[in-house]
Structure formats: C-alpha cells, structure tokens
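These notes are about the structure you will find just below.
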Amino acid sequence: MTVGEHLAQQLRSHLVTQLADVAAMFPSKPDWCHNSAQALVLGHGRWFRPAPLPVGRTLGSPGRCFANATRHAARHDLAYVEGFALPEAGPVLQHAWCARRDGTVEDPTWGADGLAYLGIPFTRHYLQAQHRRGNTHQLLFEQHRSDWELFRFGIGEDIVEDIGELNEPITLSKQQEN
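Structure representation (structure tokens):
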C-alpha cells in the first residue's frame, strides 16, 4: 500500500467513524430502514475519488453545494451525489457534488479541497421526479419533504446510479441506535 493509499484509507475510516457516532445518537424506529441520513449513507453509500475541477469549469457559490451540484451535473452530464465529505479543514459535513462515470469527483463548490467523499449517486430519473414533486436540491437532508421515504423504505435500484466504489455496508445494531 502506498503512502497516498494509506492516507486515503485513514481519511475514509475517520469519516465512517464520525458518521457512525452521529447515527448512534438517533433513536431507532422499528418500521424504518434507517434512523438518519448518516445511517442511510453508511448502509448504501459509495466512495468517490477526490480530484481537481477540470480546467475551464468554474466554482459555484460558497455554501450552496446542493444547488451548485444540481446545475453542474445537468450542464456536464454527470451524476448528482449527496452524502458526507471531509474538507481539508474542519469536520465531516453534509455535502453534494458530482461524479464522473469512473467514480471521480467534480466538486463545483470546494474544487480540490475535499479529502474523502461518501454518498449516494442518484439517478437522473429519481432526481427529476423529486424536483417535479417540489423536492429541490437536498434529497437526503430534507427527507421531511418526501414523507421520510428514503429513511422509511430504503434505497431501491431505481434510485442509485451504479458508479463509485461500494462501501462495505455498515448497519448499526439496535443497541447502538438507542
């Protein structure tokens, strides 16, 4: 394992630990698949490789990652991804970015400042259906707008784009969730 691969593995491990710690704080709901966005991403998330934004592609407005990623994905025929990312400075954050078919990140908000990305790459069909229902931009983090459907029923095949590196699913035990 190279030094770069070792560092990437440590960053991923840190991100997973942070998400598991937060997910464990939410009470479990017996009839729901997931108790939080953190638990959903731990169970179904995919890893994406950080990369600089290609030359000629511009950054969007700071603090507007969901809108930036939505526009960037449509403009450049990329997958729209929501999940959690680790910036160069600071804690793990809720974030949205774009991904190429090979699982490489195009982050129109942070550029090359992301160190680790774990998220759900939504299909264009699902994204458009949610927008028609009035659920714009934040699909994971505004679940109240869709009656908590992803938390209650989980992720179906028609929702996730088949890109990125599958995360080994982490499910919290009922004891951890309480």
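Residue numbers (the numbering used here): 551 to 728.
Backbone N, C-alpha and C fix where the C-beta goes; we use that ideal spot for every residue, glycine too.
Since this is a predicted model, take the numbers as computed values, not measurements.
Can you list, in chain order, the residues of its chain whose CB lies under 7 Å from that of residue i, leaving out five sequence neighbours each side?
i: Ser563; result: none
i: Leu716; result: Arg596
Following the continuous beta strand (DSSP E) through residue i, name the residue where it begins and the one where it ends.
i: Glu699; result: Not the beta strand (DSSP E): Glu699 falls in the alpha helix (DSSP H), residues 699-703.
i: Phe598; result: 596-598
i: His645; result: 643-649
i: Glu632; result: 629-637
i: Gly664; result: 664-672
Can the beta-carbon of residue i be found less than 8 Å from the beta-carbon of residue j?
i: Arg501; j: Leu677; result: Nothing can be reported for residue 501: it is not among the residues displayed for the chain, which extend from 551 to 728.
i: His622; j: Pro658; result: yes
i: Leu690; j: Ile705; result: no
i: Pro612; j: Gly661; result: no
i: Ala619; j: Ala666; result: no
i: Cys615; j: His594; result: no
i: Ile709; j: Thr686; result: no
i: Phe703; j: Gln693; result: no
i: Val566; j: Leu590; result: no
i: Phe598; j: Gly684; result: no
For residue i, collect the residues of the same chain with a Cβ closer than 6 Å to its Cβ; drop the 5 residues on either side in sequence, then sort them by chain order.
i: His556; result: none
i: Gly568; result: Gly is not the amino acid found at residue 568; the sequence shown has Gln there. Only Val642 meet the Cβ criterion.
i: Pro580; result: none
Enumerate in chain order the residues of its own chain whose CB-to-CB distance from residue i is below 8 Å, with the five nearest sequence positions on each side excluded.
i: Arg607; result: His622, His626, Glu656, Pro658
i: Met551; result: Gln559
i: Glu699; result: Gln693
Of all the CB atoms in chain D, is at least one closer than 8 Å to the CB of residue i?
i: Asp652; result: You won't find chain D in this structure, because it holds only one protein chain.
If you follow the alpha helix (DSSP H) that residue i is in, where does it begin and where does it stop?
i: Cys615; result: 615-626
i: Gln560; result: 553-573
Take the Cβ of residue i as the centre, count every other Cβ of all protein chains shown within 10 Å, and call the residue buried at 16 or more, exposed below.
i: Val605; result: exposed
i: Pro600; result: buried
i: Leu609; result: exposed
i: Gln588; result: buried
i: Gly640; result: exposed
i: Val642; result: buried
i: Gly714; result: buried
i: Gly664; result: buried
i: Glu632; result: buried
i: Glu711; result: buried
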